[in-house]
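Residue numbers (my numbering): 100 to 295. Glycine included, each C-beta is placed from N, C-alpha and C at the ideal position.
See below:
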């Protein structure tokens, strides 16, 4: 069996876990002259942590596109899964259809979240075209304080690292990343086997 090609797009970006003032307090910075730089570093650090851990930090709308329905389940990147908004597909006639919610079950309790066929149901046949199946869903934590403490700390570390070490050698980066990697390993979302 060959893996199914897929594509993930963020359509509604998440809010920030921290404010620039939170970061300034953490870094013990009193001046305001670098606020926009700190905000840029904070945004980059949050995207970095989100990407490296393969999770969604705060609520965001995502669109997963697949060339067809998988054999069993649709695993949804960027946990935690909050809800499934819709599943649309292109049928054999080339018509876009919306899959009724009675045809599938969303499992928000697994990591990553997943969608499975409802009991006694099966996935419909799709036209053999790219992006025939489109899943729109919401993932991420509801509030900044719901983000695990260690993940919040990783964001502050990454922001501070970008601020204090704007230019440095690769040797320094490798040494510091060992501690960072040890912390992030506890919160990374791993995928087993083939994606689909």
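Which word fits residue i, buried or exposed, when buried means at least 16 other C-beta atoms lie within 10 angstroms of its C-beta?
i, result
"residue 179", "buried"
"residue 174", "buried"
"residue 136", "exposed"
"residue 104", "exposed"
"residue 154", "buried"
"residue 111", "exposed"
"residue 130", "exposed"
"residue 113", "buried"
Residues in its own chain within less than 7 Å of residue i by CB, not counting five upstream and five downstream?
i, result
"residue 225", "167, 168, 188, 189, 190, 231 and 232"
"residue 201", "217"
"residue 134", "119"
Grouping DSSP H, G and I as helix and E and B as strand, with all else coil, what is residue i?
i, result
"residue 110", "strand"
"residue 138", "helix"
"residue 162", "strand"
"residue 280", "helix"
"residue 183", "strand"
"residue 146", "helix"
"residue 156", "coil"
"residue 204", "strand"
"residue 115", "coil"
Tell me, to the nearest whole angstrom, how far the beta carbon of residue i is from that of residue j; I am working on the premise that it is less than 8 Å.
i, j, result
"residue 234", "residue 163", "4 Å"
"residue 107", "residue 176", "5 Å"
"residue 205", "residue 183", "4 Å"
"residue 257", "residue 159", "Not really, about 19 Å apart at Cβ, beyond 8 Å."
"residue 254", "residue 144", "5 Å"
Just to confirm my understanding: we take residue i, look at its own chain, exclude 5 residues before and 5 after, and list those with CB closer than 8 Å. What are they?
i, result
"residue 251", "116, 117 and 243"
Quiz prompt | Uninterrupted alpha helix (DSSP H) stretches inside the region 209 to 278 (no shorter than 4 residues) | solution = Counting only runs of at least 4 residues, the region 209 to 278 fully encloses the following alpha helix (DSSP H) elements, listed from N- to C-terminal order: 248 to 263.
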